[in-house]
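> Got a structure for you, questions after.
In this note's numbering, the protein residues as written are 754 to 1889.
Written as structure tokens, this is what we have:
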């Protein structure tokens, strides 16, 4: 027992792989290895060159795959909101997801969402969220402008055809970023099935997009909303996602309309309710700069031209913190939302009017008294506006202006007679809604408005009526210097009749009537003041010529306020608009003599005769140059040169000192020259090895073309931004147009009234800018391929709807193939799985633009995939060279050896003259050539017709042969261009255009007319005996012996053969003998046949006997083998 214990091996130590000790030991080992490598680096050098090469190649492959075509970064400093489109089939949760995303960013829940909604998602990004309806026209428009697509999929049902249709649309028009979202996962009860469904849908999604495409899962809903954490994660991905500029969008200006207004004259609408309308559209500019009077295309409406354009203040600006410390999250005021079509905010500001959205439950539609109608509103101003029974003009005639409370009111005529300016705009941020509003501030009421903002809670109805509505808001922002120069104008905001509020005493009514004649007083001063006001709007010429002009009014800002900042003195000082206030074509009046003097002093230094600075005066600069470069010595030749100065009169005693100074200067110049050479060499070295001048680190590998191109692009982007960076926006838009990111107002005239009457905010409204080359109609040559999921091949001249650029239109394509000699050969049908070319009539489009074709845009019960074909634009032209085959057939009527006269192919001798020398051919394959037309005077053959001709052939044709000539005839492309105007219909998805012939036959039940010649018939050919080939003896001699016909001797007939040909008549006895021999011969034959049949039967029986015996022997061997194997098995068991 003890021996067994001693012989047993000890238990091996188990090394810990996890835990605190293992981690400590691992860290210690790393430190020891690092120390060893540092002490002896040569021992840890390259051990395998092949492994190092593979590692290097793999790293370079990964790096190269990340390379892409470098483009100039044209992203503006304040980019427009990112468009996030929520796309999916019906009933997958698009509206719910949109509500949850908006609630995550703004902490507000929108119950009724219509149109786009813009929210602030971060410190430097805004989002415009739109929901795409289940209409293929809307899908096409959304795919052209969306930056990010949230593709919703019903996990319980799986992928639907609408999903794949939208993905194919995106691939054609520039693939945006796509993120998948699985919904309705809570309807699957089995957890294993949920896991399997996620895996299947994920891999299918990766197949359509790319491997590793992001797919989110919305597991379940809580109180009608998705889980907050899942929505938060989704929004995090949206907020940090990067986007690559697409070619079409980065070369065309466009904007997505988030608000529209009708500007048509109401009187014109009353006279003609269906007249064309003038409308204004609002939105953020995207793509490139959009200029005024540019031609645009509105998908679903048509081509139009911008009549007027201007930029407004941003309704949903990014948060501006200035010098404050940046925080990671946004506060309540910065979480802004802008959804004008959804009615968020209640008040919409425009330069034409202010629109107040009054809810239906607040309006009193019954006829009630004025007092009860005013009392039903919480806001007295709203009640005064709704209960007003007079027009604004009549109220303005009766209105009075009170400068201070308790002072005598001033009539409107007196207020208008004084000098006045328009009200200033001050930016006010509402603390509740966070919306940026424009407040109308007057110069005389700057201080009173600031005091009133502190006591906003104590504001009374009587004070509100007497202050002239100074609290009305408006969007915009202006400088404080302009606020101090503006005065009150009572024509902008009017709330109610001031005479009804007690401001106008009854005894002053007569004075008010008499004051109407005061407009005749001081006409000269009024004209001068109006002229100066008009000059304020003129362009500042010195600023355009000399750049930035100093504004001296800013320095005098603090001195204008006196009396405790209650009053503001309006100085007639020099402002940046003073220089343009004079009309040089007219004689100045006495009142502006001081302006002329001041103006002369201001512009005197802008000319050559003015007083210049020392650094700018030409004479002083020349004198300085003379002093600096007066004496010099040529180092190469050694010659010394002296300047024309007073140095020539110096004494000889100073020659030594001058020479010493020259020597010092010479050494200094040589030293500087040496240093300049070293700097040049260092710069050359740095450029060769790409060493950054900022941090001195290696940026890229030597000779990297990608990095050099990328650096050039970044430098170009910096130059583009710095060109107009310091220029005012009002002046900048005149040079380069309205930059991307600006919120603009576009006015377009002659729009169809159906656009406004049948407007549906659920459908996106896009205004796409057109380039100068895209305005003309022509023939577009494209490369097209039938979609692999569309079941039918496409037929030429079948109408199809194309989506090309911004446009959606219907045309008739003509398909063709290009031969090796560049001949464009007409095709009747498209190839099944191969590209072909096509011509179609449409608006000219840039080369390389992708397009797609669909059969119909109406949302019918379509059993097939709706996208019929996709392709690329090759070129646009005004002409085509499309041809098709044409066989001209003729019949010979006279043959002379190899010459043949043919008729029936042409109609006149002129046609024959055009085809002289053309190749012809017979059905039997004999080739020939057209010679000349047969004239009537030389026609001796008879039977000729006009257009007959003489042709020569390689061999003698037959009269039964048919002669044909292969030619090519031009094919005209039909000129059909029908714009898809679905937005003008009440129901947008019912737009129908031209139908195919097959659809019309199917709807009307018309059978196809059958051409009897087109039916297949059995070919019956009569047997024809051809003559034997006769070779002349002279030609036989020249032929080789093998091919020469052999001359065989005639065969002699034998005597028996000769006798057999003669008839033999037998005797009766001979006939009996012949009959007996015939019977014996038959009996013998029958006996032999029976004997043969018996042999066959016996042979068959013998064969069956052998087969049975073989089978019996096989079973015997099998039983013997079984017994032998059983015996062997028993023996093996015994041995073991």
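Using N, Cα and C, we set each Cβ at its ideal position, and we do this for glycine too.
#1: In this structure, does DSSP put residue 1715 in helix, strand or coil?
#2: In chain order, what residues of the same chain lie with their CB nearer than 7 Å to the CB of residue 1488, ignoring the 5 residues before and after it?
#3: Taking the Cβ atom as the reference point for each residue, do residue 1562 and residue 1733 lie within a distance shorter than 8 Å?
#4: Once the 5 residues before and after residue 1541 are set aside, which same chain residues still bring their CB inside 8 Å of it?
#5: Buried or exposed: which applies to residue 923, given that a residue is buried once 16 or more other Cβ atoms fall within 10 Å of its Cβ?
#6: Suppose you measure from the CA of residue 1620 to the CA of residue 880; what does that come to, to the nearest Å?
#7: Helix, strand or coil: which one does DSSP assign to residue 1668?
#8: Starting from the Cα of residue 1044, find the closest Cα among 1053, 1060, 1055 and 1735 and give me that residue.
#9: Return the chain-ordered list of same chain residues with a C-beta closer than 6 Å to the C-beta of residue 1490, the five sequence neighbours on each side being excluded.
#10: Identify the continuous beta strand (DSSP E) that holds residue 1560 and give its terminal residues.
#11: Taking 8 Å as the threshold, find out whether the region 964–980 comes into contact with the region 1656–1667 through three or more Cβ pairs.
#12: With distance defined between alpha-carbon atoms, name the residue in 1653, 1651, 1652 and 1668 nearest to residue 1659.
#13: Under three-state DSSP, which class holds residue 1879?
#14: Using 8 Å as the threshold, is the C-beta distance between residue 1643 and residue 1656 below it?
#15: Cβ of residue 1033 within 8 Å of Cβ of residue 1016?
#16: Since residue 839 is in the beta strand (DSSP E), which residue starts that stretch and which ends it?
#17: Of the residues 1284, 1027, 1724 and 950, which one's Cα is nearest the Cα of residue 1504?
#18: Let me know the secondary structure DSSP gives residue 963 once reduced to three states.
#19: For residue 1889, count neighbouring C-beta atoms within 10 Å of its own C-beta (all shown protein chains included) and say buried if the count is 16 or more, exposed if not.
#20: What are the residues that DSSP puts in a beta bridge with residue 1675?
#21: What do you get for residue 1559, buried or exposed, if any count of 16 or more other CB atoms within 10 angstroms of its CB means buried?
#22: Using the rule of at least 16 other Cβ atoms within 10 Å of the residue's Cβ for burial, across every protein chain shown, is residue 896 buried or exposed?
#23: Excluding the five sequence neighbours on either side, which residues of its own chain have a C-beta within less than 6 Å of the C-beta of residue 999, listed in chain order?
#24: Is the distance from the Cβ of residue 1522 to the Cβ of residue 1047 below 8 Å?
#25: For residue 1550, tell me which candidate among 1582, 1532, 1535 and 1533 has the shortest Cα-Cα distance.
#26: Could you please give the first and the last residue of the uninterrupted beta strand (DSSP E) stretch that includes residue 1553?
#27: How about residue 865 and residue 984: do their beta carbons lie closer than 8 Å?
#28: Enumerate, from N- to C-terminal direction, the unbroken alpha helix (DSSP H) stretches of 4 or more residues contained entirely within the region 893–921.
#29: Given this structure, state the Cα-to-Cα distance separating residue 1770 from residue 930, to the nearest angstrom.
#30: Alpha carbons only, please: which of 1515, 1601, 826 and 1763 is nearest the one belonging to residue 1557?
#31: Smallest Cα separation from residue 1730: which of 1843, 1530 and 1580?
#32: Please state whether the Cβ-Cβ distance between residue 908 and residue 950 is less than 8 Å.
#33: By DSSP, does residue 1042 sit in helix, in strand, or in coil?
#34: Looking only at C-alpha atoms, which of 871, 826 and 821 sits nearest to residue 834?
#35: From the beta carbon of residue 1479, is the nearest beta carbon of chain D less than 8 Å away?
#36: For a minimum of 4 consecutive residues, which ranges assigned as the alpha helix (DSSP H) are wholly contained in the region 994–1026?
The short version:
#1: coil
#2: 1477
#3: yes
#4: 1586
#5: buried
#6: 30 Å
#7: coil
#8: 1060
#9: 1042, 1043 and 1044
#10: 1560–1564
#11: no
#12: 1668
#13: helix
#14: yes
#15: yes
#16: 835–840
#17: 1027
#18: coil
#19: exposed
#20: 1716
#21: buried
#22: buried
#23: 927
#24: yes
#25: 1582
#26: 1553–1557
#27: no
#28: none
#29: 59 Å
#30: 1601
#31: 1530
#32: yes
#33: coil
#34: 871
#35: In the structure shown, chain D does not exist; there is a single protein chain.
#36: 1000–1004 and 1019–1024
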